[in-house]
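Heads up: the structure comes next, in C-alpha cells.
Residue numbers (the UniProt record's numbering): 1 to 273.
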C-alpha cells in the first residue's frame, strides 16, 4: 500500500529500530497528560475505541492497560509498523484488540461503529486532514467522540537557556520539507476548525504541557537526534555543517547544570451529532 503524507518511519532514521525507540519514548513522556485529558473528554472503560495512525502499538498498549474493558481497533497504514504492533501486542490481539492495515482516508470499517476515536500525531502528516475527519465522523456512532492530538510548531517547544545555534533554522526548514510532502507542522491551529467544517459539534481545544523538570531531560534529547535532521540535509535545505553546529550546541546545552525543555501539544475534541 502506498503511504501518502509526510511521515515514513523507514526514512526518518538510518536505523528503523532507533525510530521505534523514539516513538516509545514519546509515549512515555506524554502519556499521563494525554490520559488525563482523554478521561476529561469522556473516554471510559465501557467503550469501543478506534485508534488512527497507531504506529508500533505503544499508545495502544497504554490504552488497553489503563482501561481493561475497552475494545480497540488500531488502524495503521505502514506495513512495517503494523508488523511491529502485532509483535508488540500479540498477547492482546483477539477479543479486545484488532490491528488492521488501512488508510485513515478509507478505513473500510462499518459506519456508526465506535464510541470514541483517537488520532495521535497523525493529522500533521495528512495531505487532506478534512477528508480524514470526515471518514472518522462516518465510523463513529451518533454521539461518538473524536480527539485529535497534534502539534503546532510555533508553540511546540521551549528550551532554557536558549541554544546558541537556534533550532529555528532547522525546525523552519523541517516544516518546509514537511509541507512539500503534503504535511503541515502548523496543523494545531486548524484542528478545531477542521472538526467544525466536517460536522462535529460540542467542540473543545486543550493544550497539554510536559517538561524536563518533571520527566528528566534525557527523554527530550531524542527530539534533537542528529538523524532526524538528515532529511532536510538531503533536501538541500541546510548544510551538513549547519546541522553539525546545531548538534554541537544542543549537546553543550544538555551538559549544562540545569537545562530545561518544555513541549506543548494540542488536543482537539468533537462529537458526532
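For glycine and all other residues, C-beta sits at the position ideal for the given N, C-alpha and C. Values in this document were obtained by computation on a predicted structure and should not be read as measured data.
Selection from the options that minimises the alpha carbon distance to residue i
i, options, result
"residue 128", "172, 160, 68 and 6", "6"
"residue 100", "91, 92, 82 and 110", "82"
"residue 188", "60, 59, 123 and 272", "123"
"residue 222", "232, 200, 254 and 203", "254"
"residue 257", "158, 216, 155 and 147", "216"
"residue 121", "45, 148, 245 and 219", "148"
"residue 48", "272, 79 and 70", "70"
"residue 273", "234, 44, 199 and 232", "199"
"residue 79", "67, 61, 55 and 65", "55"
"residue 181", "57, 226, 21 and 235", "235"
"residue 46", "64, 130 and 104", "64"
"residue 271", "43, 244 and 102", "43"
"residue 133", "226, 190 and 252", "190"
"residue 219", "26, 17 and 11", "26"
Integer Cβ distance of residue i from residue j, believed to fall under 8 Å
i, j, result
"residue 50", "residue 73", "5 Å"
"residue 119", "residue 177", "Incorrect: roughly 22 Å between the Cβ atoms, too far for contact."
"residue 186", "residue 152", "5 Å"
Residue environment, residue i, which counts as buried when at least 16 other CB atoms sit within 10 Å
i, result
"residue 40", "exposed"
"residue 28", "exposed"
"residue 174", "buried"
"residue 248", "exposed"
"residue 19", "buried"
"residue 9", "buried"
"residue 201", "exposed"
Stretch-stretch touch, CB-based, cutoff 8 Å, three pairs: the segment 81-93 with the segment 110-125: no
Report yes or no: do the segment 238-257 and the segment 132-150 share at least 3 C-beta pairs separated by less than 8 Å? no
Is the segment 251-271 touching the segment 187-207 in the sense that three or more CB pairs, one from each, lie closer than 8 Å?
yes
Report task. Please confirm if the segment 27-34 is in contact with the segment 91-99, defined as three or more CB-CB distances below 8 Å between the two stretches. Result -> no
| Is the segment 190-205 touching the segment 249-263, taking contact as three or more C-beta pairs under 8 Å? | no
message = Within 8 Å, do at least three Cβ pairs link the segment 102-110 to the segment 58-75?
response = yes
Notebook entry, point to check: Residue ranges of each alpha helix (DSSP H) run of no fewer than 4 residues wholly in the segment 18-72, ordered along the chain?
Noted result: 58-66
_Complete beta strand (DSSP E) runs within the segment 244-273 (minimum length 3 residues, chain order)_ = Fully enclosed beta strand (DSSP E) runs of 3 or longer: 260-271.
Which full runs of the alpha helix (DSSP H) of 4+ residues lie inside the segment 175-210, going along the chain? 191-198
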